[in-house]
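Numbering (this note's numbering), first residue to last: 977 to 1778. Beta carbons are placed, not taken as given, at the ideal position from N, Cα and C, and that holds for glycine. Note that the coordinates shown come from a computational prediction; the quantities given were computed from them, not determined experimentally. Here is the structure we will look at.
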DNA sequence: GGTTAGGCTTTG
């Protein structure tokens, strides 16, 4: 008998053979002559029996010396003992934590876990016939069977009684030891998992695969209500099942939940939290459980159980890759029945341009605008099919992990994508494809989880969005350093320059007085804004105010707001009312019929298609209808009368062009154009005038940083921007070709590659003038004038005028 | 008393 239970009363020493000498644990070294010595200690840790592939079994225990010799300077020494074969089995059955043992016949090895467990640098290895454990059993406390084994009683009970009064213990089967048709308790490390999905039966189903030190990979199928499914967050999590059924399927053992099963999930990180994730209100974990979890953690740490799909932040995504994303949901919006948009961020900046998906704001749950900085970090995720249903339960602010997300580059056709975005060819979209293959799905992470805490820490660095909420007449200005000038456009001095004035250097320009025009030869160092749509502004020639072009999100919102009042509406006497079919957004999609009003006079002149007043349409529908009519003026019902929409929305659609009015300078009302008779074409000016709208003009505004060998100088390109590029700002707002011209020009003048010194030289005229900023301060400004870019650019590196 | 599914080789 390798494990011997010592008789009561006499004390362990009495029956330990007399030729053996006990030595303190602290004196053990690998060079100890251990042939006739013993060590003694209390079992402070007993690990589960492990079956090795060779059919051998092994068990690890830790004993702590309590009484010999008293050591005042340090903790009582503890040492790892590894038991093999029959000794391990005996020990497993006979000895429990708290028992005092004497070990003999061991060999001494180096402890491989010394750095981790900080225990004795050696371990004791017990195998074969010479090895022996003598044990004094711990008597059970009579009233509190589960209390820690501290109250050692002098009147010791026998071993048998001791075992009988102990609380029932769960035994866990190694995954390599599973036999079919049994109910077992197991521990395992998750190597694959799938989010729960609705089964055809009464439950939700999820499947996962687990492994342990026996290296078996065991599939598990879980049927139960959604909330009872294991809360697995990532591969490597550790799972404890109680009462699961083993089944044979396809020649391998699988685990299936049986009636009354229960499950706990632990973080898989070494040293991680021991708090289990569970919906179960009554569960019990003891020291042995903690030990098992730690062992699985350290074993798994060396097993390369790396997830097939990595968890990566947005700043590290690569196009086409599948990955898991941990993020916060900011807003969501249904796109159609099979697709939902999730707008998320993780506080990092994706190096690739992100696709913007435009939806109507009234269907968006959560904010529709963000600070520019935060807004530029937002990723748009389209989740499809079964995931849209799950997305319905999500709330803005939730922290999510999205599994098997795909980053899709290029101009993928995205629902809700508008024509104005056609330039976004290389922008990344994120798709969560339908189905649950590859573990695809979404999980809400609890607020207290370590990853969420870390995300919150990163996100704290960004300002709150409140101050950026849009209101009716104020748009977010994107380039704060240009804001002053944008609000108060500079007065332009009409001084002509035939490029025949003498060349001067930038440092001379800086020293010159306002009111002059100079001819310079310079290179473009940099410019802003980099995004063309930010360079497009709306300018009122009457009040000289300048504003951003409202984005589609805002305009969509105004359209849907305008269509809310569907009460009776009496058209003006000059109008004929009718209905118009609005084509669906794709072939086969249902048509909508909307109210239109037309000028009786135009009808009589057979010009009915030249101008319609359209009611109740969305922005998208208005754009579609604009293809078939020359002029469309969106209108709404307001207190029973026809009215124009809020002037933040375009008051007129002409083909792909849209026209805006100045809120300050317009007295807008729905009126019949009075000049229709005899006029060849009804254009935006005629309509604006009839409606009392002060037409806003599209303009381009950029800030260029120029350099020559003497200095650098920030100059505006504004009044003569159209002449500079040879395009109309109005066209830039409406079509890709005009946008391309500007992109190509700027790319030639300021290539992404190469140093500034290699940029082409340009001959420009600059005006110098004084302008007031918002606070009434006078400042000197510079503006490019009378200069046109003509290609090819001269690269006269020898023409440097220094 | 006991169904359901049994990863996967990736649409928009």
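Check your understanding: Going by alpha carbons, who is nearest to residue 1000 out of 993, 991 and 1010?
Key -> 1010
Practice item. Using the Cα positions of residue 1520 and residue 1672, report the straight-line distance between them to the nearest angstrom. Key: 10 Å
Exercise for review: Take residue 1154 and list the residues in its own chain whose beta-carbon comes closer than 6 Å to its own, dropping the five residues that flank it on each side.
Suggested key: 1222 and 1229
Exercise for review: Return the chain-ordered list of same chain residues with a C-beta closer than 8 Å to the C-beta of residue 1013, the five sequence neighbours on each side being excluded.
Suggested key: 996, 997, 998, 999 and 1080
Point to revise | Complete runs of the alpha helix (DSSP H) confined to the region 1230-1263 [at least 4 residues] | key: none
Point to revise | Euclidean distance between Cα positions of residue 1473 and residue 1494 | key: With a pLDDT of 47 at residue 1473, under the threshold of 50, the predicted position of this residue should be treated as unreliable, though the coordinate-derived value follows. Between residue 1473 and residue 1494, the C-alpha separation is close to 8 Å.
Check your understanding: DSSP state of residue 1419, grouped into three classes?
Key -> strand
Check your understanding: Can you tell me where the alpha helix (DSSP H) with residue 1349 in it begins and where it stops?
Key -> 1348-1351
Point to revise | Limits of the unbroken alpha helix (DSSP H) element including residue 1705 | key: 1705-1710
Review point. Who are the near neighbours of residue 1416 in its chain, counting only those whose CB is closer than 7 Å to its CB and skipping five residues on each side?
Key: 1379, 1380, 1408 and 1409
Review point. What residues in its chain sit with their C-beta under 7 Å from that of residue 1052, if we drop five residues either side in the sequence?
Key: 1040, 1041 and 1042
Review point. If we count the other Cβ atoms within 10 Å of its Cβ and call it buried at 16 or more, is residue 1159 buried or exposed?
Key: exposed
Review point. When we look at the beta-carbon of residue 1204 and count the other beta-carbons within 10 Å, is it buried (16 or more) or exposed?
Key: buried
Exercise for review: Pick helix, strand or coil for residue 1054, following the three-state DSSP scheme.
Suggested key: strand
Exercise for review: Note down, in chain order, each residue of its chain lying with its Cβ closer than 6 Å to the Cβ of residue 1002, except the 5 sequence neighbours on either side.
Suggested key: 1053
Practice item. For my contact list, residue 1514 and residue 1525 are in at a C-beta cut-off of 8 Å; report their separation, rounded to the angstrom. Key: 6 Å
Check your understanding: What is the rounded straight-line gap between the Cα of residue 1008 and the Cα of residue 1084?
Key -> 8 Å
**Study point:** Cut-off 7 Å between Cβ atoms - residues of its own chain near residue 1202, not counting five sequence neighbours on either side
**Key:** 1172 and 1180
Review point. How would you call residue 1624, buried or exposed, if buried means at least 16 neighbouring beta carbons within 10 angstroms?
Key: buried
Practice item. Just the C-alpha distance for residue 1744 and residue 1488, rounded to the nearest angstrom, thanks. Key: 8 Å
Exercise for review: Ignore the nearest five residues each way along the sequence and tell me which others in residue 1277's own chain have a CB closer than 8 Å to its CB.
Suggested key: 1246
Practice item. Would you mind stating whether residue 1224 and residue 1156 have Cβ atoms separated by less than 8 Å? Key: yes
Practice item. Would you mind reading off the limits of the beta strand (DSSP E) that contains residue 1617? Key: 1617-1620
Practice item. Just tell me which of 1112, 1269 and 1231 has its CA closest to the CA of residue 1016. Key: 1112
Review point. Just to confirm, are residue 1174 and residue 1185 a CB contact at a threshold of 8 Å?
Key: no
Check your understanding: Which ranges does the beta strand (DSSP E) cover as unbroken runs of at least 3 residues, wholly within the region 1267-1334, from first to last along the chain?
Key -> 1298-1312 and 1315-1321
Exercise for review: Note down, one range per segment and in chain order, each alpha helix (DSSP H) of at least 4 residues found wholly within the region 1666-1703.
Suggested key: 1697-1701
Exercise for review: Quick one: residues in its chain with C-beta nearer than 7 Å to the C-beta of residue 1339, no 5 flanking neighbours on either side, listed in chain order?
Suggested key: 1309 and 1310
**Study point:** Bridge partner(s) assigned by DSSP for residue 1500
**Key:** 1682
Point to revise | Contact the region 1681-1691 vs the region 1605-1613: 3+ CB pairs below 8 Å | key: no
Exercise for review: Starting from the C-beta of residue 1253, find all residues in its chain whose C-beta is less than 6 Å away, skip the five residues before and the five after it, and write them out in chain order.
Suggested key: 1207 and 1241
Point to revise | Contact check, residue 1331 vs residue 1356, beta carbons under 8 Å | key: yes
Review point. Is residue 1760 closer than 8 Å to residue 1700 when the C-beta atoms are compared?
Key: yes
Check your understanding: Tell me which same chain residues have a C-beta within less than 6 Å of the C-beta of residue 1106, skipping the five on either side of it?
Key -> 1081
Practice item. Look up residue 1747 in the DSSP assignment and give the residues it is bridged to. Key: 1755
Review point. Would the beta-carbon of residue 1705 fall within 8 Å of that of residue 1512?
Key: yes
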